[in-house]
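Colleague: Quick one: structure below, then a few questions.
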Amino acid sequence: MGWLIWRMVRHTRDTIGSNSPMKVQRIYRTTMQSFFVRSEYLFVLMGLIMFGVTMHAVFFARFSTPYPEIGRVVVFLLSLASLAVPAMIVSVDLNHWPYSRGVVITSFPEVHQLKIELSDAVLVLKEGDISRIQVFHNNGKLQLGFAVFYLTSRDHFILPFKTEGMWVIQEYFKGLPVEYFDRLVPLIRIYPMESAT
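Written out as structure tokens, the structure is:
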């Protein structure tokens, strides 16, 4: 809990007022630690513990019912269900990680520009360079998703929600048209996105 409060205080200190990336230069670097060491992995840990406890019950518990086999099957199905949320979080993260790995976002408030260092390109963006944004998300309390940024040069790039400093892009260039798409499991697929024309 203390770690979460510390992160929130630090985030607030560096995002608003005279300390914001609109006022001072900020560098946001996405590392393996910043991407994977997050509060939602508590759900992964709890799901794995629940799976272990229920699987132990499947093999070692005594069921005082006329049909203990049915009880074992029900507990086994519950143990599989306890893996649903952890499996979704881990699969989405593993799918998104290649798009966030090593991404560096640097703000240049004096010229109102952003430099985005991707794995295969370096972009310097100014007002008018982004034409629109598509956001694919799971529309749940546990927010998983990614955004596709379309450039006026007819190119695009993808950033997952867990990319450090991704929020700065929309904060820097306000009023961009944004389309939202609900996906139960928002995986990044290699095919043209909807409305990409």
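Using UniProt numbering, the first residue of the sequence shown is number 1, and each one after it goes up by one. For each residue, glycine too, the CB sits at the ideal point set by N, CA and C. The structure presented is a predicted model; accordingly, all values stated were derived computationally and were not measured.
Where does the unbroken alpha helix (DSSP H) through Gly-71 begin, and where does it stop?
Modeller: Per DSSP, Gly-71 belongs to the alpha helix (DSSP H) from 68-81.
Colleague: Is it buried or exposed, Thr-65, if we count other Cβ atoms within 10 angstroms and call 16 or more buried?
Modeller: Answer is exposed; the Cβ neighbour count stays below 16.
Colleague: At the level of alpha carbons, what is the spacing between Val-148 and Ile-130?
Modeller: Whole-angstrom Cα-Cα distance: 10 Å.
Colleague: Helix, strand or coil, according to DSSP, for Ala-61 in the structure here?
Modeller: Coil at Ala-61, not helix or strand.
Colleague: Taking the DSSP output, what are the residues bridged to Leu-113?
Modeller: A small correction: the amino acid at residue 113 is Gln; Leu does not occupy that position in the sequence shown. Answer is Phe-108.
Colleague: Within 10 angstroms of its Cβ, does Val-111 collect 16 or more other Cβ (buried), or is it exposed?
Modeller: So Val-111 ends up on the exposed side.
Colleague: How many Å lie between Arg-189 and Glu-171 at the Cα?
Modeller: Those two C-alpha atoms are separated by around 27 Å.
Colleague: In three-state DSSP terms, what is Ile-133?
Modeller: If DSSP states are grouped into helix, strand and coil, Ile-133 belongs with the strands.
Colleague: Asp-182 by DSSP, collapsed to three states: which one?
Modeller: Residue state, collapsed to three classes: strand.
Colleague: For my contact list, Leu-114 and Val-168 are in at a C-beta cut-off of 8 Å; report their separation, rounded to the angstrom.
Modeller: Right, their Cβ atoms sit about 7 Å apart.
Colleague: What does DSSP give as the partner residue(s) for Phe-157 in the beta ladder?
Modeller: The partner list for Phe-157 (beta bridge, DSSP) reads Phe-149.
Colleague: Pull up the distance between the alpha-carbon of Phe-35 and that of Tyr-180, whole angstroms please.
Modeller: Their backbone Cα atoms lie some 23 Å apart in a straight line.
Colleague: Closer than 6 Å by C-beta to Leu-78: which residues in its own chain qualify, once you throw out the five before and the five after it? Chain order, please.
Modeller: Taken in chain order, the residues that qualify are Thr-54.
Colleague: Pick out whichever of Pro-98, Phe-161, Arg-38, Ile-89 has its Cα sitting closest to the Cα of Leu-47.
Modeller: Checking the displayed sequence, the identity of residue 47 turns out to be Gly instead of Leu. When only C-alpha atoms are compared, the closest one is Ile-89.
Colleague: Classify His-96 as buried or exposed, calling it buried when 16 or more other Cβ atoms lie within 10 Å of its own Cβ.
Modeller: So His-96 ends up on the buried side.
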